[in-house]
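What follows is a set of notes on a single structure, which appears directly below.
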Amino acid sequence: MGLETAFGDSIITTSIEQVADWGRKSSLWPALFGLACCAIEMMAAGASRYDLARFGSEVFRASPRQADLMIVSGRVCQKMAPVLRQIYDQMPEPKWVISMGACASSGGIFNNYAVIQGVDKIVPVDVYVPGCPPRPEALMDGIMKLQEKISRERLVARRAS
Amino acid sequence: MAEMNAALTESPAEANSAVMALRAAFPDVPIRAASMYGQDWAIVPAEAIVAVARFLRDDETLRFDSLVDITASDLLPRAPRWEIVYQLTSMPRNVRFRLKVEVEDGPDPEVPSLTPVYLVANWFEREMFDLMGIRFGGHPNLRRILLPDDWQGFPLRYDHPIGGEEVGFTS
Amino acid sequence: MTPEVRITPSTDGRTAVLERPDTRQEGDLMTVNMGPQHPSTHGVLRIILTLDGETVVDAVPDIGFLHTGIEKSIQWKRYEAALTCTDRMDYLSPLSNNLGYCLAVEKLLGLEIPPRATWLRVMLVELQRIASHLVWLGTHALDLGAMTVFLYCFREREMILDLFEELTGQRMMTSYIRFGGVELEVPDGWLDRVHAFIDPFPNRVDEYERLLTKNGIWKERLTGVGVISGQEAIEWGLNGPSLRGSGVARDLRRQEPYLVYDQLKFEVPVRTEGDCYARYLVRVAELRQTREIVVQCLKNLPGGPIRSDDRKVVPPPKDELANSMEAVIHHFKLLTEGLKPPIGEVYQAIESPRGELGFYLVSDGSNRPRRCHVRAPSFANLQALPRLCRGHLVADVVAIIGSIDIVLGEIDR
Numbered sequence: 002m003g004l005e006t007a008f009g010d011s012i013i014t015t016s017i018e019q020v021a022d023w024g025r026k027s028s029l030w031p032a033l034f035g036l037a038c039c040a041i042e043m044m045a046a047g048a049s050r051y052d053l054a055r056f057g058s059e060v061f062r063a064s065p066r067q068a069d070l071m072i073v074s075g076r077v078c079q080k081m082a083p084v085l086r087q088i089y090d091q092m093p094e095p096k097w098v099i100s101m102g103a104c105a106s107s108g109g110i111f112n113n114y115a116v117i118q119g120v121d122k123i124v125p126v127d128v129y130v131p132g133c134p135p136r137p138e139a140l141m142d143g144i145m146k147l148q149e150k151i152s153r154e155r156l157v158a159r160r161a162s
Numbered sequence: 087m088a089e090m091n092a093a094l095t096e097s098p099a100e101a102n103s104a105v106m107a108l109r110a111a112f113p114d115v116p117i118r119a120a121s122m123y124g125q126d127w128a129i130v131p132a133e134a135i136v137a138v139a140r141f142l143r144d145d146e147t148l149r150f151d152s153l154v155d156i157t158a159s160d161l162l163p164r165a166p167r168w169e170i171v172y173q174l175t176s177m178p179r180n181v182r183f184r185l186k187v188e189v190e191d192g193p194d195p196e197v198p199s200l201t202p203v204y205l206v207a208n209w210f211e212r213e214m215f216d217l218m219g220i221r222f223g224g225h226p227n228l229r230r231i232l233l234p235d236d237w238q239g240f241p242l243r244y245d246h247p248i249g250g251e252e253v254g255f256t257s
Numbered sequence: 057m058t059p060e061v062r063i064t065p066s067t068d069g070r071t072a073v074l075e076r077p078d079t080r081q082e083g084d085l086m087t088v089n090m091g092p093q094h095p096s097t098h099g100v101l102r103i104i105l106t107l108d109g110e111t112v113v114d115a116v117p118d119i120g121f122l123h124t125g126i127e128k129s130i131q132w133k134r135y136e137a138a139l140t141c142t143d144r145m146d147y148l149s150p151l152s153n154n155l156g157y158c159l160a161v162e163k164l165l166g167l168e169i170p171p172r173a174t175w176l177r178v179m180l181v182e183l184q185r186i187a188s189h190l191v192w193l194g195t196h197a198l199d200l201g202a203m204t205v206f207l208y209c210f211r212e213r214e215m216i217l218d219l220f221e222e223l224t225g226q227r228m229m230t231s232y233i234r235f236g237g238v239e240l241e242v243p244d245g246w247l248d249r250v251h252a253f254i255d256p257f258p259n260r261v262d263e264y265e266r267l268l269t270k271n272g273i274w275k276e277r278l279t280g281v282g283v284i285s286g287q288e289a290i291e292w293g294l295n296g297p298s299l300r301g302s303g304v305a306r307d308l309r310r311q312e313p314y315l316v317y318d319q320l321k322f323e324v325p326v327r328t329e330g331d332c333y334a335r336y337l338v339r340v341a342e343l344r345q346t347r348e349i350v351v352q353c354l355k356n357l358p359g360g361p362i363r364s365d366d367r368k369v370v371p372p373p374k375d376e377l378a379n380s381m382e383a384v385i386h387h388f389k390l391l392t393e394g395l396k397p398p399i400g401e402v403y404q405a406i407e408s409p410r411g412e413l414g415f416y417l418v419s420d421g422s423n424r425p426r427r428c429h430v431r432a433p434s435f436a437n438l439q440a441l442p443r444l445c446r447g448h449l450v451a452d453v454v455a456i457i458g459s460i461d462i463v464l465g466e467i468d469r
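Take a look at the structure:
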């Protein structure tokens with residue numbers, strides 16, 4: 002308190018953790034990982050009406066090495082599962098996963114041999130967004146919940162992976 | 087299935103120009119014809135399918151130049167078990183026709199491939215091999231197409247379970 | 057082993073010519089993997105490119121990354137439940153899939169559809185065609201660098217999705233077209249809102265064309281790329297707008313009219329050049345023609361019921377259940393057992409935005425389809441990719457994939 006009153010309005014004090022979390026949550030760059038129908042709603046979320054860029058997701062990075070958020074949008078099938086894990090492994094820490102849609106969260110309406118019954122069998126998921134497909138606003142709600150989750154993260158915590 | 091066989095014995099398919107041309111061009115090949123909902127088809131033996139398809143494609147009056155679809159039905163417990171279905175279209179005449187081949191049950195059902203006659207048959211036959219386990223003799227690249235290469239089993243067969251997870255309730 | 061490099065000073069003394077002998081051997085080809093996670097493959101498609109430098113020698117698609125076992129799921133569910141599976145195949149035009157499946161089952165049942173339902177079906181399927189072509193145009197342009205078109209197209213698409221949401225409750229996977237007709241009656245004022253969208257639509261198409269059609273970069277990227285003649289296109293199985301871009305005037309709405317297409321006045325755009333630019337022009341012209349169809353549907357929409365009253369197929373409305381014992385029995389049988397078409401088989405094809413979408417349905421008299429095979433137009437279109445890409449540069453592969461308009465959901469099913 003004393004430091005701030007001495008210098009007026011040009012200085013604020015906070016903790017490094019808060020600044021780091023604020024920076025991370027405000028510039029979540031998703032990796033392009035559109036699989037099926039949910040990908041179209043993800044594209045709509047990034048398009049002109051439900052502009053996702055105002056939440057910090059300015060670009061969808063094609064290379065996973067430049068992304069920190071993987072939005073698994075669509076059903077994950079047997080052939081795609083190892084690819085998904087490889088993309089997740091290529092992303093640098095800190096990274097988060099949003100499982101968008103019913104098929105990514107739990108297999109959706111396809112309870113059969115071909116669909117992985119929930120992407121959390123392969124990668125750790127932070128936020129599940131239900132819907133078939135979820136509205137763009139639902140996806141944004143999921144991203145905002147993820148932002149709240151990130152703002153509670155501690156710098157020295159270990160993440161299970 | 088017994089009723090279905092009964093429906094096949096008398097049908098207006100005999101009046102179909104393709105069926106009549108086939109009977110004239112292949113007098114010693116046993117061809118059965120049937121019809122339902124205005125759609126005619128001919129059932130030919132597996133050995134003759136390539137010659138029949140080539141005839142249908144090249145004949146000046148028929149000109150079935152486009153193979154639209156190849157699929158297969160698993161009619162277990164009916165014998166013969168497999169029915170390979172070919173949908174043909176003549177674009178200049180705007181006419182459709184269906185061909186079927188019946189294959190008995192066995193460890194390795196096999197049918198000659200139509201790739202020498204129609205280029206598009208390639209992927210359709212691979213899909214039927216992948217999902218049903220039907221081999222197509224003479225296919226240039228008979229590998230799995232939709233499932234991973236090391237997948238065991240043929241999911242679309244009637245006796246193959248649906249897979250997936252046990253749930254607490256079913257519909 | 058480093059090759060000898062010869063340096064020759066030029067006559068003006070300021071530059072030098074570097075000569076490195078070409079040590080590439082005949083057949084020195086490079087295999088490059090494109091996808092399945094790739095911004096421009098329109099889904100999870102993997103292409104194994106064999107390159108000679110930058111030129112494509114072969115482009116083999118590897119599909120199956122979205123294989124959902126939908127045909128197995130359809131054969132495991134009852135007919136009504138299987139309808140929801142059909143939405144998710146070609147996920148850019150779910151209403152077309154619904155329509156194909158419903159027409160096939162209705163043929164098996166011999167069911168008559170009331171006229172209002174038929175006209176509503178046509179109107180919705182054509183609105184869906186506009187929405188699908190808008191996604192095609194937006195993503196095709198985005199792949200080639202024109203991001204503005206993507207934002208414009210999605211702006212119009214949002215309006216169409218608003219209309220669908222008001223009518224059916226869902227933006228995309230509506231399952232609105234059901235056996236016997238359509239599910240819900242049109243809300244008040246909905247038709248005015250369709251008018252409000254569709255009347256100024258040609259101006260929007262003009263906007264897209266102003267950005268692209270005479271654009272030098274667009275024409276350079278697309279003209280002469282992926283050329284295929286009409287005869288070869290038929291041999292390679294192309295269908296839909298990709299075939300019409302090569303001069304073959306085949307449109308199932310004209311050649312095998314279903315619903316009320318024989319009463320509608322519209323043109324089928326056809327171009328003869330057979331390259332990506334021709335396919336682009338065909339689809340943009342289709343946007344305009346589809347708009348004409350929707351206007352005619354709005355004008356001619358009759359009144360009446362929206363669903364057949366055959367109680368063996370369509371559940372009775374709720375208020376009938378209070379008054380009629382028969383209605384209760386029908387309701388009970390339909391919801392516990394489901395409908396049972398007679399033994400038979402049928403192949404029903406419709407013109408989806410991508411081409412000929414066919415449903416081969418075999419019924420064994422029970423309440424589940426014995427065999428439901430979906431003939432996806434993009435499956436056949438994608439098979440032609442090696443033929444279209446041969447001899448072009450790697451960047452042209454992206455343009456070609458965009459121009460044949462594939463949807464992996466229906467390819468892999």
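Residue numbers (the numbering used here), protein chains in the order written: chain H, 2 to 162; chain E, 87 to 257; chain V, 57 to 469. Even glycine gets a Cβ: it sits at the ideal position worked out from N, Cα and C. These numbers were taken from a predicted model, which means no experiment stands behind them.
Considering only residues of the same chain and omitting the five flanking positions on each side of residue i, which have a CB-CB separation below 7 Å?
{"i": "V206(E)", "result": "L153"}
{"i": "A451(V)", "result": "none"}
{"i": "A197(V)", "result": "V205, F206, L268"}
{"i": "S199(E)", "result": "A207, E211, F222, G223, G224, H225"}
{"i": "M87(E)", "result": "In this prediction, M87(E) has a pLDDT of 41, which is less than 50 and means its spatial position is unreliable; nothing more can be read from the coordinates."}
{"i": "D420(V)", "result": "I399, R426"}
May I ask which residues mark the beginning and end of the alpha helix (DSSP H) holding residue i?
{"i": "P297(V)", "result": "297–300"}
{"i": "M106(E)", "result": "103–111"}
{"i": "R185(V)", "result": "171–199"}
{"i": "H386(V)", "result": "381–392"}
{"i": "Q19(H)", "result": "17–27"}
{"i": "A68(H)", "result": "That residue, A68(H), is in no alpha helix (DSSP H); it is neither H nor E in DSSP."}
{"i": "M43(H)", "result": "38–47"}
{"i": "E376(V)", "result": "374–377"}
{"i": "I126(V)", "result": "126–132"}
Quick check on the DSSP output: the beta strand (DSSP E) that includes residue i runs from which residue to which?
{"i": "I99(H)", "result": "97–101"}
{"i": "N89(V)", "result": "86–90"}
{"i": "W168(E)", "result": "168–176"}
{"i": "E188(E)", "result": "181–189"}
For residue i, which option in the options has the closest C-alpha, if you only look at C-alpha atoms?
{"i": "S364(V)", "options": "R234(V), Q439(V), N437(V), D331(V)", "result": "R234(V)"}
{"i": "P433(V)", "options": "N423(V), C158(V), R443(V), R410(V)", "result": "R410(V)"}
{"i": "A32(H)", "options": "R50(H), S11(H), P93(H)", "result": "P93(H)"}
{"i": "V454(V)", "options": "V113(V), L441(V), I290(V), K355(V)", "result": "L441(V)"}
{"i": "V138(E)", "options": "G124(E), Y123(E), S159(E), D114(E)", "result": "D114(E)"}
{"i": "V116(V)", "options": "L105(V), E110(V), E348(V), V181(V)", "result": "L105(V)"}
What does a CB cutoff of less than 6 Å around residue i pick up in its chain, not counting 5 residues either side in sequence?
{"i": "A99(E)", "result": "V105, A119, A120, S121, D126"}
{"i": "M229(V)", "result": "D143, P150"}
{"i": "S28(H)", "result": "G57"}
{"i": "P371(V)", "result": "H387, L390"}
{"i": "Y317(V)", "result": "R309"}
Which residues does DSSP list as the beta-bridge partners of residue i?
{"i": "E323(V)", "result": "DSSP, once it has assigned bridges, lists no residue as partnering E323(V)."}
{"i": "L107(V)", "result": "M86(V), V112(V)"}
{"i": "V250(V)", "result": "Note: V250(V) sits in no beta bridge, so no partner."}
{"i": "R221(E)", "result": "E196(E)"}
{"i": "I406(V)", "result": "L413(V)"}
{"i": "M203(V)", "result": "DSSP lists no partner for M203(V)."}
{"i": "T157(E)", "result": "V171(E)"}
{"i": "L449(V)", "result": "T111(V)"}
Between residue i and chain A, is there a C-beta pair that is closer than 7 Å?
{"i": "L444(V)", "result": "Of the protein chains in this structure, namely H, E and V, none is chain A."}
Which residues in the same chain as residue i place their Cβ atom closer than 8 Å to its Cβ, once the five residues preceding and following it in sequence are excluded?
{"i": "L232(E)", "result": "E213, D216, L217"}
inquiry  = Against chain E, which members of the segment 66–96 of chain H pass a CB distance test of less than 8 Å?
reply    = Q79, K80
query = What are the residues of the segment 324–355 of chain V that lie near chain H, defined by any Cβ-Cβ distance shorter than 7 Å?
reply = Those residues of the segment 324–355 of chain V that come within reach of chain H (Cβ to Cβ, closer than 7 Å) do not exist; the list is empty.
inquiry  = Which residues of the segment 156–172 of chain E have a Cβ closer than 7 Å to any Cβ of chain V? Give them in chain order.
reply    = T157, S159, V171
message = Beta carbons nearer than 7 Å to chain V: which residues of the segment 199–230 of chain E have them?
response = L205, V206, N208, W209
request  = Name, going along the chain, the residues of the segment 141–163 of chain V whose beta-carbon falls closer than 9 Å to a beta-carbon of chain H.
outcome  = C141, D143, R144, Y147, L148, P150
request  = Give, in chain order, every residue of the segment 395–426 of chain V whose Cβ lies closer than 8 Å to some Cβ of chain E.
outcome  = I399, G400, E401, V402, Y403, A405, E412, G414, Y416, V418, D420, G421, R426
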